[in-house]
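K.L.:
Here it is: the structure, laid out below.
Number of protein chains: 2
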Amino acid sequence: MSKLSTELEQAFETVALRPTAQRYAVLEFLARHSVHATAEEIFLAVNRKDPRASRATVYNNLRSLEKAGLVREVSSQGKAARYDANLHRHHHFICEQCGKVEDISWFDLPVSAAGAVLAGRDVSNYEIVFRGACLGCLKTGAATAGSRPDNKSGGLL
Amino acid sequence: MSKLSTELEQAFETVALRPTAQRYAVLEFLARHSVHATAEEIFLAVNRKDPRASRATVYNNLRSLEKAGLVREVSSQGKAARYDANLHRHHHFICEQCGKVEDISWFDLPVSAAGAVLAGRDVSNYEIVFRGACLGCLKTGAATAGSRPDNKSGGLL
DNA sequence: TCGTTATTTAGATTTATTCTAAATATAGAT
DNA sequence: ATCTATATTTAGAATAAATCTAAATAACGA
Numbered sequence: 017m018s019k020l021s022t023e024l025e026q027a028f029e030t031v032a033l034r035p036t037a038q039r040y041a042v043l044e045f046l047a048r049h050s051v052h053a054t055a056e057e058i059f060l061a062v063n064r065k066d067p068r069a070s071r072a073t074v075y076n077n078l079r080s081l082e083k084a085g086l087v088r089e090v091s092s093q094g095k096a097a098r099y100d101a102n103l104h105r106h107h108h109f110i111c112e113q114c115g116k117v118e119d120i121s122w123f124d125l126p127v128s129a130a131g132a133v134l135a136g137r138d139v140s141n142y143e144i145v146f147r148g149a150c151l152g153c154l155k156t157g158a159a160t161a162g163s164r165p166d167n168k169s170g171g172l173l
Numbered sequence: 017m018s019k020l021s022t023e024l025e026q027a028f029e030t031v032a033l034r035p036t037a038q039r040y041a042v043l044e045f046l047a048r049h050s051v052h053a054t055a056e057e058i059f060l061a062v063n064r065k066d067p068r069a070s071r072a073t074v075y076n077n078l079r080s081l082e083k084a085g086l087v088r089e090v091s092s093q094g095k096a097a098r099y100d101a102n103l104h105r106h107h108h109f110i111c112e113q114c115g116k117v118e119d120i121s122w123f124d125l126p127v128s129a130a131g132a133v134l135a136g137r138d139v140s141n142y143e144i145v146f147r148g149a150c151l152g153c154l155k156t157g158a159a160t161a162g163s164r165p166d167n168k169s170g171g172l173l
């Protein structure tokens, strides 16, 4: 009866997806942990408690949840795809040192900024992906400044 | 002697990466084709002409080029990672119907928009990922409006 | 309850990526 | 030019990730 379970049930209702026990477990895990887990990690996690879900089911559900917009695949560095509950909009920050993917609070992109350049495409959603050094890595080691040829300046924002 | 070759050589110079024939071929392919190819596609493409590069070399070079900032992995739907030459900054548009990833001309994110929310992290780069229906799919079929629970409005920009 | 359709399952299969250790090429110093 | 230290390349084996299969089960509406 926690607030989360209500929210998850409503989410399933909204997108008209059958809330099977396995599918629910996948979404719940992602909603509870902002760690951006791989399919394998989700598989292991949901199988610690009942109900047990097979690997194929985890993959199936990640796809159906993604198609419904409740989950999204976040671009990560490394082979296995990482997933993220998408109940509330947010941006992402990827640490180039340690590879961690952090959530960044949502803010709207000013309309003026994007308009012209999208040329009539129908945008249903968007996110900003920041890259750099996270707070942890800044403390620990020396940050390597990004060095793309056409990035002359130091700080980018 | 084309303009591209000069640009590629300069790019290697800037980032202090050895411009081996194989590495050059990988970057050149990505720069010439904005198709956001997979490692396998690049492998096949660069081996149509000399020099031939092994699969492992393609992967090695994608990693070194990525670390140098000349290439980036673009988030795609599907298992194989897709890569993109990053000589000039640009944003991305992913079509939710057909899966195509398109480049969007660069524009700066207004400073005011992002500042507070990044909380001291050192941002060396960023990009915006738009999702929706591309022009081709808009013409062909019916566009499905995005339906996340907290997205009440129709158009997003 | 019944019938229809979606979902789940375990395991095999396919596909993607990394690893290995020896051979080669590169850049800089002599 | 030659030498040396280091980075890169290679083919193929090994690992890891994701998908497929066909039969069994669960969900939903009538």
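Chains as they are written, first to last, in the numbering used here: chain G, 17 to 173; chain R, 17 to 173. Every residue, glycine too, gets a C-beta built ideally from N, C-alpha and C.
#1: Cβ closer than 7 Å: which chain G residues qualify as neighbours of Ile58 (chain R)?
#2: On a CA-only basis, which of R:Asp138, R:Ala96, R:Arg105, R:Arg71 is nearest Val87 (chain R)? Give me that one, please.
#3: Looking at the structure shown, is Cys114 (chain G) part of a helix, part of a strand, or coil, going by DSSP?
#4: So is Leu24 (chain R) buried or exposed if we call it buried at 16+ other beta carbons inside 10 Å?
#5: Assign Gly148 (chain R) to buried or exposed, taking buried as 16 or more other Cβ atoms, counted over all protein chains shown, within 10 Å of its Cβ.
#6: So, does the CB of Pro126 (chain G) fall closer than 7 Å to a CB anywhere in chain R?
#7: Which value, in whole angstroms, describes the spacing of the CA atoms of Asn63 (chain R) and Pro67 (chain G)?
#8: Just how far apart, CA to CA, sit Leu125 (chain R) and Leu60 (chain R)?
#9: At a CB-CB cut-off below 8 Å, which residues of chain R make contact with Glu44 (chain G)?
#10: Extract the residue ranges of the beta strand (DSSP E) inside the stretch 24-104 of chain G, only unbroken runs of 3 or more that lie entirely within it.
#11: What number of angstroms, rounded off, separates the C-alpha of Leu154 (chain G) from the C-alpha of Asn102 (chain G)?
#12: When you compare only the Cα positions, how much space is there between Asp166 (chain R) and Ser121 (chain R)?
#13: Under 7 Å between beta-carbons, which chain G residues line up against Leu20 (chain R)? List them in chain order, please.
#14: Just checking my contact of Ser92 (chain G) with Val117 (chain G) at CB under 8 Å: how many whole Å lie between their CB atoms?
#15: Which residue from R:Leu46, R:Ala135, R:Gly85 puts its Cα closest to that of Leu33 (chain R)?
#16: Can you tell me whether Gly136 (chain G) is helix, strand or coil according to DSSP?
#17: Relative to the alpha-carbon of Ala47 (chain G), which residue among G:Leu20, G:Glu143, G:Ala129, G:Val90 has its alpha-carbon at the smallest distance?
#18: Could you check where the alpha helix (DSSP H) with Gly152 (chain R) kicks off and where it finishes?
#19: What residues of chain G sit near Leu134 (chain R), judged by a beta carbon separation below 8 Å?
#20: Please identify the residue among R:Ser70, R:His107, R:Asp100 whose C-alpha is closest to the C-alpha of Val133 (chain G).
#21: Should Arg137 (chain G) be labelled buried (16 or more other beta-carbon atoms within 10 Å of its own) or exposed?
#22: Spell out the partners DSSP gives Val123 (chain G) in its beta bridges.
#23: According to the neighbour-count rule (16 or more other Cβ atoms, all chains shown, within 10 Å of its Cβ), is Ala72 (chain R) buried or exposed?
#24: Whose Cβ in chain R lies nearer than 9 Å to the Cβ of Glu112 (chain G)?
#25: Could you work out which residues of chain R lie near Ala137 (chain G), taking near to mean beta carbons separated by less than 9 Å?
#26: Cα-Cα, which of R:Thr156, R:Asn77, R:Val31, R:His52 is closest to Asp100 (chain R)?
#27: Verify the CB distance criterion: does Ser169 (chain G) have a CB-CB separation below 7 Å to chain R?
#28: Using the Cα positions of Ser128 (chain R) and Cys150 (chain G), report the straight-line distance between them to the nearest angstrom.
#29: By alpha-carbon positions, which one of G:Asn76, G:Gly115, G:Ser80 ends up nearest to Arg95 (chain G)?
#30: Below 8 Å on the Cβ atoms is my contact criterion, and I expect Ala97 (chain G) with Ala69 (chain G) to pass it. Report the Cβ-Cβ distance as a whole number of Å.
P.N.:
Working from what's here:
#1: Going along chain G, no residue has its Cβ under 7 Å from Ile58 (chain R), so there is no contact; the nearest lies around 16 Å.
#2: R:Arg105
#3: coil
#4: buried
#5: Under a 10 Å Cβ-count criterion, Gly148 (chain R) is classified as buried, with 16 or more other Cβ atoms of the shown protein chains found around its own Cβ.
#6: yes
#7: The straight-line gap from Cα to Cα measures roughly 49 Å.
#8: The straight-line gap from Cα to Cα measures roughly 37 Å.
#9: Counting only Cβ-Cβ distances below 8 Å, Glu44 (chain G) has no contacts in chain R at all, with the closest Cβ about 15 Å away.
#10: 87-90, 98-101
#11: 28 Å
#12: Low confidence applies to Asp166 (chain R): its pLDDT is 48, below 50, so where it sits in the model is not reliable, and the reading given next is rough at best. Asp166 (chain R) and Ser121 (chain R): Cα-Cα distance of roughly 28 Å.
#13: Going along chain G, no residue has its Cβ under 7 Å from Leu20 (chain R), so there is no contact; the nearest lies around 13 Å.
#14: 6 Å
#15: R:Gly85
#16: coil
#17: G:Leu20
#18: Note, Gly152 (chain R): alpha helix (DSSP H), 151-156.
#19: Phe109, Ile120, Phe146, Leu173
#20: R:His107
#21: buried
#22: Contrary to the premise, residue 123 (chain G) reads as Phe rather than Val in this sequence. Answer by DSSP bridge pairing: none, since Phe123 (chain G) is not bridged.
#23: exposed
#24: Lys83, Ser140, Asn141
#25: For the record, residue 137 (chain G) in the displayed sequence is Arg; it is not Ala. Those are Phe109, Cys111, Glu118, Ile120, Phe146, Gly148, Ala149, Cys150, Leu151, Leu154, listed as they occur along chain R.
#26: Measuring C-alpha to C-alpha distances from Asp100 (chain R) to each of R:Thr156, R:Asn77, R:Val31, R:His52 identifies R:His52 as the nearest.
#27: Only weak support exists for where Ser169 (chain G) lies, its pLDDT of 36 falling under 50; the value from the coordinates is given anyway. Chain R, which has no Cβ nearer than 7 Å to the Cβ of Ser169 (chain G), makes this no.
#28: 20 Å
#29: The sequence as given places Lys at residue 95 (chain G); Arg does not occur at that position. For the residues G:Asn76, G:Gly115, G:Ser80, the minimum Cα distance to Lys95 (chain G) belongs to G:Gly115.
#30: The distance from the Cβ of Ala97 (chain G) to that of Ala69 (chain G) is about 17 Å, inconsistent with a contact at the 8 Å cut-off.
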